[in-house]
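So the sequences go chain by chain: A and B. Position in the first sequence (first residue = 1) + 307 = our numbering. Position in the second sequence (first residue = 1) + 77 = our numbering. Report on the structure given below.
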Amino acid sequence: METGCGRMKKGGAIMELSESYLVCEDSLEGIFTGIYDAYLLKKPHEQVHICVGEDENYRLFAEYLRCVPDETKVAKVAGTIVREFGQEAYLSICRALASGEPDKGEAIYKTVVAGFKMKNRKAVMGNLADPYIHRVFELARFTANEAHFHVEFLRFYELENGILFAPIGPKNNLITFIVPHFADRLPLENFVIYDEIRNIYAMHPSGKDWYLVYGEEGMEHPDHVFSEEEKKYSELFTHFFHTIAIKERGNLGLQRNMLPLRYRKYMTEFQ
Amino acid sequence: MTVMQKLEILTDAAKYDVSCSSSGVERKGDGTGIGNAAAGGICHSFSSDGRCISLLKILFTNECIYDCKYCINRKSNDVSRASFTPDEICELTVQFYRRNYIEGLFLSSGILYSPTYTMELIYEAIYKLRTLYRFQGYIHVKAIPGADPEIIRRLGLLADRMSVNLELPTAEGLQRLAPNKHRKNILAPMRMIQQGITQNKNELMVYRHASSFVPAGQSTQMIVGATPESDYQIMMVAENLYKRFDLKRVYYSAFVSVNEDKDLPALPGGPPLLREHRLYQADWLLRFYGFEAKELLSEDKPNFNILLDPKADWALRHLEQFPVEINRADYQTILRVPGIGVKSAQRIVRARKNGSLSFEDLKKIGVTLKRALYFITCNGRMMYPTKLEEDYITRNLISNKEKLPFDRDGMTYRQLSLFDDSQELTWKQAVGG
């Protein structure tokens with residue numbers, strides 16, 4: 308098939324099935340390719356769906372097409388989104404793409420479709436009455452909020468060799484949204500931010516640009532040895548943290564609302 | 078004395094200062110040092126009282142020549158005294174900052190020898206931090222009333238935010254509890270910083286690279302509940318400060334009784350947290366919702382309602398302005414609806430361009446419908462058939478428990494329960510019945 312999607316036969320016979328499902332890789336490239344291919348099908352958009360990853364329960368009377376990420380298609384879709392809908396919408400879509408939710412591909416695809424029907428395409432993300440746009444808005448907001456929490460609560464630990472090391476365990480794949488902030492703030496530091504869940508390292512060498520390294524599966528994690536100074540400053544800060552509280556105003560409930568428990572695992576003052 | 082001991086003494090002495098904001102200035106790093114600043118500010122932790130920790134909040138010294146009755150560091154108190162050196166402050170700030178513990182430094186101080194002498198010490202520390210350590214993160218310093226204007230001017234060129242504490246809402250209160258401080262001495266540096274900021278903005282327009290003076294603006298704080306002022310007086314003072322001194326923020330600090338003194342009130346129920354909370358809610362209404370203090374309170378009704386937030390309270394006294402049609406009303410009108418915040422109002426105005434909105438849409442947008450439903454229509458219809466009647470709506474709003482930031486283990490919950498017996502009465506007063 309000319310779309311570049313391998314047509315999978317279900318049940319032997321080829322028939323004109325009404326619903327088409329495009330199965331995409333879970334990445335920006337995968338989903339943008341899916342959107343391109345969805346347009347190539349030239350079917351009513353209500354009958355075309357994008358699903359992400361492998362674990363789809365196959366439905367009867369529907370065809371499943373697997374999409375292979377294609378750089379040219381990705382560039383075209385990304386270019387179109389920026390040109391037609393603007394930078395702000397593109398950023399929202401990128402944030403939604405970082406989500407771990409399986410319906411993100413479908414939501415983004417249908418948002419693009421809905422956007423093209425609007426008179427003022429640049430205002431697409433404001434059209435919250437549309438369920439797909441609202442879903443993208445929701446997913447993007449979740450990623451943005453979680454990224455902001457990481458900017459707040461991420462902690463660096465100084466290793467023996469002077470490198471600053473910060474482990475994180477986010478629900479969304481947000482590492483690329485937070486590293487620029489730290490790179491601007493700590494330009495002369497050698498630092499590493501490590502996403503434990505996805506096994507991704509962001510490396511920032513002093514005075515140079517940062518880059519990502521994808522860890523190998525089953526790679527050994529060396530036990531990190533902290534520097535002498537690390538113990539001193541982590542104790543000083545922990546002490547500061549306890550002293551600054553006004554005990555007459557004690558309010559653990561409010562503290563828990565503002566600083567969710569799941570972040571504390573990585574935070575110096577809660578060790 | 079070790080740095081750990083100093084940090085403990087000088088943190089403990091600084092903790093009653095309310096401001097911990099790191100907002101108001103957006104600045105990228107220049108690549109040669111450490112630090113930047115984010116316009117919205119960044120919190121880095123929350124202490125067990127639920128307050129944000131954004132800055133390393135410390136005193137330079139807790140030595141003091143003054144004897145303010147409410148202050149833990151007053152001259153007549155027998156507490157351990159300590160002072161940092163400028164280098165200790167720089168090391169702590171930079172080492173905390175690079176580990177992402179803090180957003181910058183908040184440096185205040187007791188008064189050693191004289192206001193000018195103390196400000197010189199603070200200047201030395203900040204100067205070192207900015208130049209030798211090349212620190213480009215956020216710095217908030219206190220301007221001490223009575224210090225030489227020249228030193229305040231020099232410090233203002235290094236700091237992001239400066240603040241002068243108003244301490245107490247009125248001059249009478251100040252006279253009673255802080256005999257060494259005078260209202261006009263407090264307002265003088267505030268006015269000077271304001272003029273410095275205005276002048277600097279003009280300079281920046283002409284010379285793009287002129288150094289900026291207090292770019293994040295100035296703030297102040299006052300203690301609430303140590304002296305007998307009403308909420309109305311406090312809000313009028315705050316409004317004045319916003320309008321006439323261009324302050325960025327006014328902070329309200331529920332009085333915490335740390336000293337035994339016959340001139341201080343006994344607070345068996347703990348600090349007046351609910352009152353402080355109501356003042357902050359009203360402060361928000363002044364700054365972001367287009368309200369004026371005299372719309373919220375008056376000589377005849379000088380205190381906020383205990384059971385209702387100031388916006389709901391206002392709406393109930395102005396039912397003639399409701400219901401508001403969501404699909405047509407202007408932004409300012411929508412902003413005044415209880416249950417609709419700034420973000421929701423902005424989203425409504427954006428979203429309705431693509432077609433009319435229903436209650437379902439409003440819910441998705443983030444409107445708190447159980448509060449808003451009495452005050453709005455969508456395409457001419459209310460959500461449920463409901464009476465536009467003060468008693469009825471008040472009862473419904475109160476039965477929907479307001480989310481307070483301190484219901485579980487805060488002192489205020491106990492304070493509230495004091496009113497349980499007389500709820501009927503209080504409620505009637507609240508609705509003017």
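We treat Cβ as the ideally placed atom computed from N, Cα and C, and that holds for glycine.
Query: Which same chain residues end up closer than 6 Å to leucine 344 of chain B when comparing Cβ atoms and leaving out the 5 residues on each side of it in sequence?; Result: Ser334
Query: How should lysine 388 of chain B be labelled, buried or exposed, when 16 other C-beta atoms within 10 angstroms of its C-beta is the threshold for buried?; Result: buried
Query: Tell me which residues share the same chain as proline 567 of chain A and place their Cβ nearer than 8 Å to its Cβ, disregarding the 5 neighbours each side in the sequence.; Result: Phe456
Query: Which runs of the alpha helix (DSSP H) fall wholly inside the stretch 116 to 200 of chain B and span at least 4 residues, in chain order?; Result: 163 to 175
Query: With C-beta atoms as the reference, is valine 486 of chain A less than 8 Å away from alanine 509 of chain A?; Result: yes
Query: Which residue spans inside the stretch 366 to 439 of chain A form an unbroken alpha helix (DSSP H) run of at least 4?; Result: 378 to 404 and 411 to 424
Query: Exposed or buried, what is leucine 367 of chain A when buried is set at 16 or more other beta-carbons lying within 10 Å of its beta-carbon?; Result: exposed
Query: Taking only the alpha-carbon atoms, compute the straight-line gap between glycine 346 of chain B and arginine 556 of chain A and give it to the nearest angstrom.; Result: 11 Å
Query: If you count every other CB in all the chains shown that lies within 10 Å of the CB of threonine 170 of chain B, and 16 or more means buried, which is it?; Result: buried
Query: Per DSSP, what kind of secondary structure is glutamine 295 of chain B in: helix, strand or coil?; Result: strand
Query: If I'm right that isoleucine 338 of chain A touches valine 359 of chain A with Cβ under 8 Å, what's the distance once you round it to whole angstroms?; Result: 7 Å
Query: Examine the Cβ distances between the stretch 181 to 188 of chain B and the stretch 126 to 146 of chain B and report whether three or more of them are shorter than 8 Å.; Result: yes
Query: Could you have a look at glutamate 103 of chain B and say whether DSSP puts it in helix, strand or coil?; Result: coil
Query: Just checking, does the stretch 404 to 424 of chain A make contact with the stretch 338 to 357 of chain A on the three C-beta pairs under 8 Å criterion?; Result: yes
Query: Tell me the rounded alpha-carbon separation between alanine 552 of chain A and valine 80 of chain B.; Result: 19 Å
Query: Can you tell me the Cα-Cα spacing of tyrosine 490 of chain B and lysine 278 of chain B, whole angstroms?; Result: Here the model assigns tyrosine 490 of chain B a pLDDT of 36, short of 50, so the residue's position is not dependable, and the following value carries that caveat. C-alpha separation (whole angstroms): 46 Å.
Query: Would you mind reading off the limits of the alpha helix (DSSP H) that contains valine 80 of chain B?; Result: 80 to 89
Query: As an exercise, report each continuous beta strand (DSSP E) stretch of at least 3 residues that is fully enclosed by the stretch 251 to 322 of chain B, in chain order.; Result: 295 to 301
Query: Can you confirm whether leucine 169 of chain B, when its beta carbon is compared against all beta carbons of chain A, has any partner nearer than 8 Å?; Result: yes
Query: Does the beta carbon of threonine 138 of chain B sit closer than 8 Å to a beta carbon anywhere in chain A?; Result: no
Query: Quick check on this structure: which residue in A:Asn427, A:Glu336 and A:His511 has the alpha carbon closest to the alpha carbon of threonine 379 of chain A?; Result: A:Glu336
Query: Check isoleucine 357 of chain A in the structure and name its three-state DSSP category.; Result: strand
Query: With DSSP as the reference, label glutamate 467 of chain B as helix, strand or coil.; Result: helix
Query: Taking the alpha carbon of alanine 331 of chain B as the reference point, which residue from B:Pro246, B:Leu450, B:Asp323 and B:Tyr284 has its own alpha carbon closest?; Result: B:Pro246
Query: Provide the residue(s) that pair with alanine 473 of chain A in DSSP beta bridges, ordered along the chain.; Result: A:Ile500
Query: Just the chain A side, please: which residues come within less than 8 Å of leucine 350 of chain B by C-beta, in chain order?; Result: Arg556
Query: Would the beta-carbon of phenylalanine 463 of chain A fall within 8 Å of that of arginine 211 of chain B?; Result: no
Query: Within a Cβ cutoff of 6 Å, which residues of the same chain sit near tyrosine 309 of chain B, ignoring the five residues on either side of it in sequence?; Result: Leu374 and Pro379
Query: Which residues mark the beginning and the end of the beta strand (DSSP E) in which lysine 219 of chain B is found?; Result: 215 to 219
Query: So, helix, strand or coil for leucine 502 of chain B, using DSSP?; Result: Any reading at leucine 502 of chain B must be qualified, since the residue scores a pLDDT of 31, below 50, and its modelled position is unreliable; the value itself is stated next. Three-state result, leucine 502 of chain B: helix.
Query: Which of helix, strand or coil does DSSP assign to valine 486 of chain A?; Result: helix
Query: Closest by CA to histidine 488 of chain A, which one among B:Leu281, B:Thr193 and B:Gly108?; Result: B:Gly108
Query: Take every Cβ of the stretch 208 to 224 of chain B, pair it with every Cβ of the stretch 147 to 162 of chain B, and state whether three or more of those distances are shorter than 8 Å.; Result: no
Query: Alpha helix (DSSP H) containing isoleucine 425 of chain B: first to last residue?; Result: 419 to 428
Query: Give me, in chain order, the residues of the same chain whose beta-carbon lies closer than 6 Å to that of isoleucine 504 of chain A; leave out the 5 immediate sequence neighbours on both sides.; Result: Gly476
Query: To the nearest angstrom, how far is the alpha carbon of leucine 434 of chain B from that of arginine 458 of chain B?; Result: 12 Å
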